[in-house]
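Please read the structure below before turning to the comments.
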Amino acid sequence: MEIDSITVDTAVSLGNETNAPTCKINLSIKYFKGGKHARMINDTLLRNGVLTPDYLSLSNESLSPVHAVDSFVRRFLSDYREEYGRMYRSDREHAASYNYEYTVKTDVRSNGEDIMTYIASVYINGGGTQGTHQTLALNFNVKTGKMLRLSDIFVPGHEQGLKEAIVEQLYDDYDADNIEELNEKTIFANIDIYAPENFIIGEDDITFIYCENEIACRDMGEIRVTIPISDLKKLIRKDYE
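In the numbering used here, the protein residues as written are 36 to 276.
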């Protein structure tokens with residue numbers, strides 16, 4: 036499949052003052068320019084969180100990637116001017132609090148002949164002292180154009196076995212002997228264990244991605260759990276193998 040890229044580097048200020056708040060947008064969005072299912076995959080990408088807020092999902096209109104990204108940027112900056120401008124006009128003393136930075140960098144990885152993974156690295160700072168980093172991974176069967184979810188890969192009733200496999204791998208990764216020791220590191224301390232739909236299919240493994248502050252404290256950063264396919268054989272659907 037032929038891949039092209041859309042690049043955006045723009046900014047808008049809420050005033051002419053030297054310290055006026057500014058919204059900066061930096062995007063590098065790869066998309067599929069050619070291929071049997073290019074249009075279908077592009078539309079899925081743009082409606083599944085690669086760009087947030089997900090303006091495109093508010094309508095059934097199908098836009099080309101170039102037009103969709105352009106529409107997103109214009110809507111994003113318009114909302115910033117309206118919402119942040121209103122707050123800034125009533126609170127000039129805290130101008131820095133109304134700065135906004137939004138960055139998205141994307142990449143495409145191929146796993147053999149049929150599977151492709153689209154990875155978006157996102158950084159958002161809405162005027163706070165510390166921004167948020169996120170990784171979003173979407174997997175596609177390029178022969179069908181379908182996005183793959185856990186239920187497409189694993190057998191019905193896989194949930195418990197997959198959770199156990201993830202926890203066992205976390206024990207090894209974080210030198211823990213039991214769930215209590217993981218909890219002491221803040222991992223799954225206050226939430227139930229689960230397998231995320233955010234994952235990367237490798238040739239011989241699957242990597243589950245938990246973004247920062249998702250299952251542990253922010254200081255733990257992003258947590259990735261990589262499990263060999265060989266350890267998940269009993270859970271994988273026959274038609275996926």
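From the three backbone atoms N, C-alpha and C, an ideal C-beta is built for every residue, glycine too.
Since this is a predicted model, take the numbers as computed values, not measurements.
Cβ-based neighbour list, A103, same chain, cut-off 7 Å, excluding 5 preceding and 5 following:
L81 and L91
Could you give the first and the last residue of the continuous alpha helix (DSSP H) run that contains P100?
P100 to R124
Along the chain, where does the alpha helix (DSSP H) that runs through Q165 open and close?
Note, Q165: premise wrong, no alpha helix (DSSP H); not H, not E.
A131: buried (16+ other C-beta within 10 angstroms of its C-beta) or exposed?
exposed
Beta-carbon contacts of G180 that lie in its chain and below 7 Å, excluding the five residues immediately before and after:
H72, M75 and I76
Alpha carbon to alpha carbon, how far is I222 from M36? Give it in angstroms, no decimals.
39 Å
Express the C-alpha separation of D207 and A3 in angstroms, rounding to a whole number.
The structure shown does not extend to residue 3, since the chain is modelled only from 36 through 276, so no value can be given for it.
Assuming R244 contacts P231 (C-beta within less than 8 Å), just tell me the rounded distance between them.
Going by the sequence as given, residue 244 is Ile instead of Arg. Correct: roughly 7 Å between the Cβ atoms.
Shortest alpha-carbon distance to E247 belongs to which of T167, L86 and Q195?
T167
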